[in-house]
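Colleague:
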Amino acid sequence: MKNSIIILMAVLALAASSCGGSGSTTGRQKEVTLSAAGATFPQPFYNLAFKKYNEAGGPLISYGGIGSGGGIKSLRDQIVDFAATDAYLSDEELAEMPGEVVHIPTCIGAVVIAFNIPGVTELKLTPELLEGIFLGNIKMWNDAQILAVNPGLVIPDMEITVVYRSDGSGTTYIFSDYMTKVSSLWNEQLGTGKALNWPSGIGAKGNPGVAGTIKQSEGSIGYLGFEYAFAQQIPMARIMNSSGFFIEPTLDSFTAAAAAEIPSDTRVMITNSPNPSAYPITSFTWIIMYRELAYGRHSRDAAEAAVSTVKWLTGEEAQAIATSVHYAALPQNAALQAAELLKGITYEGQPVLK
Amino acid sequence: MSGDRITKGLLFLSSLTILLLSAGIVVSLLGGALQAFREFGLRFIISPAWNPTAGSEEYGAMSFIAGTVITSILALIICIPMAFSTSLFIAEYFRGTRTSGILRSLVDLLAGIPSIVYGFWGFYALRPLLVATGLTDQGFGVFTASLVLAIMIVPYATSLSAEIISMVPAELKEAAYSLGATRREVIFSVVIPSARSGIIASFILALGRALGETMAVTMLIGNANVIPKGLFAPGNTMASVIANQFGEASGLKMSALIAVGLLLFLITALVNYLGKLIIKRFA
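Chains as they are written, first to last, in this note's numbering: chain A, 580 to 933; chain B, 891 to 1173.
1) In the DSSP assignment, find the beta strand (DSSP E) that holds Y743(A) and state where it starts and stops.
2) Can a CB atom of chain B be found closer than 8 Å to the CB of E710(A)?
3) Could you spell out the range, first to last residue, of the alpha helix (DSSP H) harbouring A808(A)?
4) Looking at the C-beta of N1113(B), does it have a partner C-beta in chain A at a distance below 8 Å?
5) Quick one: does E1138(B) have its CB under 8 Å from some CB of chain A?
6) Go to R928(B), then tell me how far its alpha helix (DSSP H) extends in each direction, as first and last residue.
7) Going along the chain, which residues of its own chain have a beta-carbon closer than 6 Å to the beta-carbon of V1058(B), five neighbours each way excluded?
8) In chain order, what residues of the same chain lie with their CB nearer than 7 Å to the CB of T759(A), ignoring the 5 residues before and after it?
9) Give me the Cβ distance between N1134(B) and K773(A), rounded to the nearest whole Å; I'm assuming they're in contact under 8 Å.
10) Closer than 8 Å, CB to CB, is G602(A) near chain B or not?
11) Hey, is T943(B)'s beta-carbon within less than 8 Å of any beta-carbon in chain A?
12) Spell out the partners DSSP gives F661(A) in its beta bridges.
13) Look at M1128(B) and I1006(B) and say whether their C-beta atoms are less than 8 Å apart.
14) Could you name the residues of the region 1100-1111 of chain B whose beta carbon sits closer than 7 Å to any beta carbon of chain A, in the order they occur along the chain?
15) With 8 Å as the threshold, decide whether the Cβ of K773(A) is near any Cβ in chain B.
16) Cα separation between V904(A) and T685(A)?
17) Does the beta-carbon of S603(A) have 16 or more other beta-carbons within 10 angstroms, so that it is buried, or is it exposed?
18) Taking only the alpha-carbon atoms, compute the straight-line gap between K1166(B) and Y802(A) and give it to the nearest angstrom.
19) Answer with yes or no whether the minimum CB distance from D746(A) to chain B is below 8 Å.
20) Do you know how far the Cα of Q811(A) is from the Cα of S1036(B)?
21) Entirely within the region 869-897 of chain A and at least 3 residues each: give me those beta strand (DSSP E) ranges in chain order.
22) In terms of alpha-carbon separation, which member of T829(A), T750(A), A674(A), V733(A) lies closest to T700(A)?
23) Counting only beta-carbon separations shorter than 8 Å, does N1162(B) have a partner in chain A?
24) Mind checking if E767(A) is an interface residue toward chain B, Cβ cutoff 8 Å exclusive?
25) Mind pulling the chain A residues with CB within less than 7 Å of P1124(B)?
26) Can you check whether the C-beta of G770(A) is within less than 8 Å of a C-beta belonging to chain B?
27) At 8 Å on the CB atoms, spell out the chain B contacts of G649(A), in chain order.
28) What residues in the region 1063-1096 of chain B have a beta carbon less than 8 Å from any beta carbon of chain A?
29) Indicate the three-state DSSP secondary structure (helix, strand or coil) for K703(A) in the structure shown.
30) Would you report the Cα separation of S862(A) and L911(B), rounded to the nearest angstrom?
31) Buried or exposed: T907(B), going by 16 or more other Cβ atoms within 10 Å of its Cβ?
32) Would you kindly work out how many angstroms separate the C-alpha atoms of T893(A) and L909(A), rounded to a whole number?
33) How big is the Cα-Cα spacing for A693(A) and S796(A)?
34) Tell me the rounded alpha-carbon separation between G650(A) and S905(B).
35) From which residue to which residue does the beta strand (DSSP E) around I687(A) run?
36) Examine chain A for any beta-carbon lying closer than 8 Å to the beta-carbon of Q1028(B), and answer yes or no.
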């Protein structure tokens, strides 16, 4: 017994000394590390931007792509410095947060309708066709309704397989928000949400899963983030917007969707934009953070680093990174509003940005 | 003496940790599932509805229970002939030969492959094959998932069965041979009967693993939250729906997912209990 106590003490002493050693090494570098979590939709942009910012002397930021819902939860539990979401917080969700939360738009993402039909690279779709296909009422590719919108198109006699997201996702939210606006049948049957009660089709996990499934399955069609379809070179449909034009999904047509009036808290869905040159299934994606950053054990250093990171993210340099990975840059009005909102963020009542 | 007491204490402590952990899992599952059961009652278990849209939320676990049970049992049925014959090959027919050594390490290798890799293989190699047979349009569905599941659980059943078969006492077999029995007769009337309970136990362990498998199933089953309409129709399993929807869930939906987890826990416990009963019966 005595021997074992001595051994135990020796182990403890060793452990203590080694802890002291590592403590002094971390003391040397006074680098702030931030943690953030949330949406996977803008993750390719954030990963690249945060890496570049860190290389340029900014803080080290770890970003967990755990989904918008997970990000909101993490922010509520105050275990991240900021979170990211594709769907803005509802009044109810805002009331549940322990402090006032600010939404900062960082870029514009679009949901595209990608398809895999042998021999077909161009397809035009109207809201009515989208409704029919995704609700399972149009079952064949050579349906008369599809041919009426796409005259002259040679399309095989093939069954349509709808591919949707099996996991809860902001992508589904954006797509269903648009569909709810343009189709009353959709509104009745499915509504808007991050996960839906799909009447038919196949579910795949994550944007990469949907992209892979469409690419591998002839006769399939599905919705996914633009950059994923672009990267996999899957053909995307032109969608008829509210002005009756068939719009190709491009970064310019996404930015055009955001050129409208934006409320001061930026909580707005810009799907089905009235702008005649706008692609209709687009959305802001947001960083969310508390207006007052002195909470719990949150340090002033971390608060300053977080605000300057988000400010940089909405600035010109980071917006150029966004377009390089196929997200549309914020239009000027949104960027100005983001800057204005960031000025209002405080630590112990004092503005963090000077 | 004191060394003994320390050993005893340590063993007791680690066993206690396991007990506490299991109890903790049950308690937290029960706590999390309470809201769903309060809202839907027993209907949660028998209803196949799964509608997450805010305002008309309704959750039921039946589609996932059906998907889990169907895929696991189907996988077990496909697995039995493969695992049984392989284990006999390794542990009895070609016992001690180089071939059986290679085969045994191959089986162990299969057990070590991560399930996501099986999923990829199923997605890119097996699925197009099934589509080519014309039995299924897109290749996603219960059958594809079961087939990959079967291959995933074969190593577990094979390894354990082979171990048990090789433990059959040589005296028993020699006695049978000396009575003039052929090799086939020895296997079917001596080896298998005396290893029976162990072989059954190995298949129950394999079934337990099939029940909880997630990633490979998610990639192949089609993730449609309905009771599968046929062997080649899409469906979903309990583990798969939890993995899929956990990230964005909150409130009632989170509770429903935890309740699905609780049911999976109970089903697995039930399978293990039934296994114990069967083993007792045959032993």
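All C-beta atoms in this analysis are idealised placements derived from N, C-alpha and C, irrespective of residue type, glycine included.
Modeller: On the basis of the coordinates in this document:
1) Where Y743(A) is concerned, the enclosing beta strand (DSSP E) starts and stops at 740-744.
2) Interface flag for E710(A) against chain B is unset, since no Cβ pair is found closer than 8 Å.
3) Element bounds for A808(A): 805-811.
4) Interface residue, yes.
5) By this cut-off, E1138(B) is an interface position.
6) Note, R928(B): alpha helix (DSSP H), 892-930.
7) So the qualifying residues of the chain are V1081, S1084, A1085.
8) Within the same chain, Cβ atoms closer than 7 Å to the Cβ of T759(A) are found at W765, N766, G770, T771, the five residues on either side in sequence being excluded.
9) Not quite, the Cβ-Cβ distance comes to about 12 Å (not below 8 Å), so this is no contact.
10) In this prediction, G602(A) has a pLDDT of 35, which is less than 50 and means its spatial position is unreliable; nothing more can be read from the coordinates.
11) Among the residues facing chain A, T943(B) is included, as its CB has a counterpart in that chain under 8 Å away.
12) Beta-bridge partners assigned by DSSP to F661(A): A615(A).
13) For the 8 Å CB-CB criterion, M1128(B) and I1006(B) do not form a contact.
14) Result list: T1108.
15) So yes, K773(A) belongs to the interface.
16) For V904(A) and T685(A), the distance between alpha carbons rounds to 14 Å.
17) Legend: pLDDT at S603(A) = 34, less than 50; position of this residue unreliable, value from coordinates given subsequently. Label assigned to S603(A): exposed.
18) A straight line joining the alpha-carbon of K1166(B) with that of Y802(A) spans about 48 Å.
19) D746(A) counts as touching chain B.
20) Looking at the two C-alpha atoms, the distance is approximately 29 Å.
21) The region 869-897 of chain A contains no complete beta strand (DSSP E) run of 3 or more residues.
22) Among T829(A), T750(A), A674(A), V733(A), the Cα nearest to that of T700(A) belongs to V733(A).
23) For N1162(B), no CB of chain A lies under 8 Å from its own CB, so it is not counted at the interface with that chain.
24) E767(A) does not count as touching chain B.
25) Residues of chain A passing the Cβ test: I781.
26) For G770(A), the answer is yes, since a Cβ of chain B falls inside 8 Å of its Cβ.
27) Here the neighbours are G1137, E1138.
28) Those residues of the region 1063-1096 of chain B that come within reach of chain A (Cβ to Cβ, closer than 8 Å) do not exist; the list is empty.
29) DSSP places K703(A) in strand when its eight states are reduced to three.
30) Each residue's Cα considered, the two are about 44 Å apart.
31) Flag for T907(B) reads exposed.
32) Going by the C-alpha atoms only, they are around 8 Å apart.
33) The straight-line gap from Cα to Cα measures roughly 12 Å.
34) Each residue's Cα considered, the two are about 37 Å apart.
35) Residues 680-695.
36) Taking Cβ atoms only, chain A reaches closer than 8 Å to Q1028(B), which makes this a yes.
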